Amino acid sequence: MDIRNQGLAVVLASNPRNPTGQVIRGDDLEELVSLSREGTTIILDEFYSWYIYPERESDLGKSVSSAKYVEDVNEDATVIIDGLTKNWRLPGWRVCWVIGPKNLVTALSQSGSFLDGGANHPLQLAAIPLLDPKHALQERIALQKHFKAKRDHVLARLKELHLDVDVPPQSTFYIWLNLEKLPAPLNNGLTFFEELLKEKTIVIPGIFFDINPSHRRNLFNSPCHHYVRLSFGPPMEDLKMGLDAIERVLKHAKKTGMKDFGEGYVKAAENIDDPAQV
């Protein structure tokens, strides 16, 4: 694994991954967890752990978690963060949990009580029956069938529009869309976002997901600059309207030859030190 032997004190990651929709599992996940027995604390956000899309019907209902590879919860420095927000679709409840060494969980509990008084007790009680294993399995199966159908619909429509998804999402409800083959300036996430906003449709420019400590890299030269994140979380009818909007933008670009496209992007580019990086 690339991060082994780098002397890192902490590794923080989401798994499954937002925004790419990819997931670490099997031997790779086991190796990552093993680092927690070698002096590195592993902190994993597993809020999308149910959003897994198996090819085989018999695999429906399975989820992914690093907990499978923890040998001793108090000795392995692995911290797992999860909650009701995504898997149970209850973001307003603000109920989540942390699994890890007892001393760390105690410290987090004390800090939480000091900062905001702790979690809402009535909603914690209401959450207990939702965690019943039989109920949770039924929820996972239903969720995976529902979101897989939406994922497949969006991917098929994007293919019809000749838009590239480098690696189809295996998890989450996000698609990492590559715009590089589109004519400039529509081939950058900011212009694509700007033009879709005119159609009352929102995508997220890829540069907003660029981990760029201390702003060392100009975001106009980011490896994420030619990507946008799409979500297939909304209802199917909303997804169809959003995809129709993308089609309208592409047709308009072809018809007008990109005239007047990306005005906001051009203004932003004028304010950077090196326009050649755009």
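Residue 2 is where the sequence shown starts when you use the numbering used here, and the numbers rise one by one after that.
Using N, Cα and C, we set each Cβ at its ideal position, and we do this for glycine too.
Just so it is clear, the structure is predicted and the values come from calculations on it, not from any experiment.
In the displayed model, VAL250 falls within a helix according to three-state DSSP. With fewer than 16 other Cβ atoms inside 10 Å of its own Cβ, ASP60 counts as exposed. Take PRO184, set aside five residues on each side of it, and the residues of its chain with a beta-carbon closer than 7 angstroms to its own are ALA254 and MET259, in chain order. In this structure, VAL34 sits away from VAL65, with a CB-CB distance that is not shorter than 8 angstroms.
If you look at ILE176, you'll find it in the beta strand (DSSP E) that goes 175-179. In the three-state DSSP reduction, PRO206 falls in the strand class (E or B). Non-local beta-carbon contacts of ALA78 in its own chain, meaning distances under 6 angstroms to residues more than five positions away in sequence, involve SER37 and THR42 in chain order. Exclusion of the five residues before and after VAL11 leaves THR42 as the residues of its chain whose Cβ lies within less than 6 angstroms of its Cβ.
VAL71: not part of any alpha helix (DSSP H); DSSP gives it neither H nor E.
Beyond the five residues adjoining it in sequence on each side, LEU91 comes within less than 6 angstroms, by CB distance, of LEU85 in the same chain, given in chain order. Ranked by Cα distance from GLY101, the options SER112, ARG217, ILE81 and LEU116 are led by ILE81.
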